[in-house]
Amino acid sequence: LKDMNLQKIRADFPILSREVYGKPLVYFDNGATTQKPRQVVDAITDEYYSVNANVHRGVHFLSQQATELHEASRETVRKFINAGSTNEIIFTRGTTESINLFVSSFGEEFMQEGDEVILSVMEHHSNIVPWQLLAAKRGIAIKVIPMNDRGELLLDEYKQLFSERTKIVSVAHVSNVLGTMNPVGEMIGYAHEQGVPVLVDGAQSIPHMPVDVRDLDADFYVFSGHKVYGPTGVGVLYGKEEWLDKMPPYQGGGEMIQHVSFERTTFNELPFKFEAGTPDYIGTTGLAKALDYVSAIGMEKIAAHEHELTMYAMSRLKEIPGMRIFGEAQEKGSVISFLVGDIHHFDMGTLLDRLGIAVRTGHHCAQPLMQRLGIEGTVRASFGLYNTKEEIDILAAGIERVSKMF
Ligand code: PMP
344 LKDMNLQKIR
354 ADFPILSREV
364 YGKPLVYFDN
374 GATTQKPRQV
384 VDAITDEYYS
394 VNANVHRGVH
404 FLSQQATELH
414 EASRETVRKF
424 INAGSTNEII
434 FTRGTTESIN
444 LFVSSFGEEF
454 MQEGDEVILS
464 VMEHHSNIVP
474 WQLLAAKRGI
484 AIKVIPMNDR
494 GELLLDEYKQ
504 LFSERTKIVS
514 VAHVSNVLGT
524 MNPVGEMIGY
534 AHEQGVPVLV
544 DGAQSIPHMP
554 VDVRDLDADF
564 YVFSGHKVYG
574 PTGVGVLYGK
584 EEWLDKMPPY
594 QGGGEMIQHV
604 SFERTTFNEL
614 PFKFEAGTPD
624 YIGTTGLAKA
634 LDYVSAIGME
644 KIAAHEHELT
654 MYAMSRLKEI
664 PGMRIFGEAQ
674 EKGSVISFLV
684 GDIHHFDMGT
694 LLDRLGIAVR
704 TGHHCAQPLM
714 QRLGIEGTVR
724 ASFGLYNTKE
734 EIDILAAGIE
744 RVSKMF
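Put into structure tokens, the structure is as follows:
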């Protein structure tokens with residue numbers, strides 16, 4: 344992104360011009376959540392002020408207009424990930440709810456005691472714990488794909504994990520700790536040869552690269568709106584219609600039914616079968632605006648800009664004495680996890696904060712990965728489309744300054 348464009352983009356995000364502790368904010372916690380452009384916040388406010396009405400059930404003008412906006416947002420999501428049909432776009436509260444919905448529904452229909460799921464060692468807790476809950480209920484087994492010391496999944500070992508009982512593979516597209524971009528296309532290809540479907544956790548890929556679910560041939564793909572410059576509380580489960588058709592509803596309630604009597608209830612068609620209750624129809628408008636916003640810039644351009652930032656940051660950070668970086672995959676997204684000497688990650692994070700630099704510290708909801716790395720936590724800087732090389736210079740100088748204090 345050219346400097347001028349970048350300045351224009353930054354101006355769309357009012358929060359970026361605020362100060363913390365009298366220092367200009369350097370926001371490097373995009374992996375946790377991204378900031379919102381005016382266009383997204385304005386769309387939300389406008390809808391509350393001028394359209395707000397419940398969707399899908401009103402005869403009146405506002406309800407129809409709200410329904411049209413909500414369903415248009417579904418189409419925006421479909422186009423953004425190149426799904427075949429809006430029937431395949433289920434709105435949820437976020438990645439976590441998407442995975443819980445999936446595990447509950449798919450598990451109920453397709454998994455029996457002794458059946459197996461394949462996960463990777465670098466999964467977020469939200470792609471581990473729901474499977475453990477299912478394991479406790481159903482007696483399924485969890486197999487784990489290991490990685491090498493650069494943070495790359497071992498594909499030969501992955502292939503060895505398949506058995507007659509493998510029912511599903513569920514893996515992160517991009518690690519929220521290591522930044523590793525996993526070769527999910529290749530992994531899906533192999534799984535399909537074994538007749539096994541794959542869920543891709545796209546929480547850390549959707550904001551950073553073009554994603555085409557049909558090109559990947561992903562059976563399921565999930566993400567959160569708030570990590571892609573959209574509002575909190577809205578997310579997506581994409582699933583191939585042929586699978587979603589066979590899966591039972593997750594929650595029961597309004598919207599997801601066709602007819603209810605005390606004797607028998609029939610369920611609504613896709614995608615509504617999985618959307619019980621009043622949806623966050625304002626949130627979906629915000630999400631669609633966010634996807635329009637990044638599309639207008641271009642996902643390829645965003646990916647190139649962030650790649651440049653990441654390469655620059657890797658080289659700057661490596662100059663710092665005692666620097667240890669976790670995750671040096673060949674294919675690496677815009678997330679850098681590190682420790683310096685024996686400075687505790689929490690101390691580093693707290694002192695960087697005093698300099699106006701927002702990073703995340705801790706286990707990043709990936710404790711099994713921390714065990715694999717033999718550490719308790721890291722400091723994590725994660726970049727977004729609005730970050731600059733100047734901000735990385737501030738980070739590098741900040742880390743050096745903090746290091747000298749110890
Ligand atoms: N998976 C990954 C890879 C993530 O990075 C995150 C968020 N840190 C999640 C899942 C969970 O997302 P959410 O909290 O928005 O449901």
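Just so we're aligned: the sequence shown equals residues 344 to 749 in the numbering used here.
All C-beta atoms, glycine included, are put in the ideal place defined by N, C-alpha and C.
For residue i, which residues from the same chain have a beta carbon less than 7 Å from its beta carbon, with the 5 sequence-adjacent residues on both sides left out?
i           : result
residue 366 : 698 and 699
residue 737 : 369 and 700
residue 399 : 410 and 598
residue 566 : 438, 545, 546, 549, 578 and 579
residue 590 : 448, 449 and 452
Kindly list the residues whose CB is nearer than 8 Å to the CB of residue i, restricted to its own chain and excluding five residues on each side of it in sequence; keep chain order.
i           : result
residue 576 : 436, 437, 568, 569, 623 and 626
residue 356 : 378, 379, 380, 381 and 729
residue 596 : 619 and 620
residue 643 : 553
Run through the DSSP bridge pairs and tell me what residue i is partnered with.
i           : result
residue 583 : Answer is none; residue 583 lacks a bridge partner.
residue 366 : 363
residue 459 : 484 and 509
residue 521 : BP columns for residue 521 are empty, so no partner.
residue 564 : 543 and 581
Is residue i a contact residue of the ligand PMP, with contact defined as CB to any heavy atom under 7 Å?
i           : result
residue 375 : yes
residue 648 : no
residue 546 : yes
residue 513 : no
residue 427 : no
residue 567 : yes
residue 439 : yes
residue 304 : Residue numbering for the chain in the displayed model covers 344 to 749; residue 304 lies beyond these limits and cannot be assessed.
residue 570 : yes
residue 399 : no
residue 443 : no
residue 467 : yes
Give the range of the beta strand (DSSP E) segment to which residue i is assigned.
i           : result
residue 600 : 600-603
residue 329 : The question about residue 329 has no answer, for the chain in this structure spans 344 to 749.
Given residue i, which residues of its chain have a CB within under 6 Å of its CB, disregarding the five upstream and five downstream residues?
i           : result
residue 419 : 631 and 634
residue 404 : none
residue 557 : 425
residue 602 : 609
Compute the Euclidean distance between the alpha carbons of residue i and residue j, then round it to the nearest angstrom.
i           : j           : result
residue 363 : residue 695 : 11 Å
residue 518 : residue 376 : 15 Å
residue 677 : residue 395 : 37 Å
residue 508 : residue 459 : 6 Å
residue 647 : residue 457 : 44 Å
residue 537 : residue 348 : 47 Å
residue 452 : residue 397 : 32 Å
residue 478 : residue 469 : 15 Å
residue 555 : residue 462 : 22 Å
residue 612 : residue 386 : 29 Å
residue 442 : residue 707 : 18 Å
residue 651 : residue 689 : 28 Å
At what residues does the alpha helix (DSSP H) containing residue i begin and finish?
i           : result
residue 634 : 624-640
I'd like to know whether the C-beta of residue i is nearer than 8 Å to at least one C-beta of chain B.
i           : result
residue 495 : Among the chains of the structure shown, chain B does not appear; only one protein chain is present.
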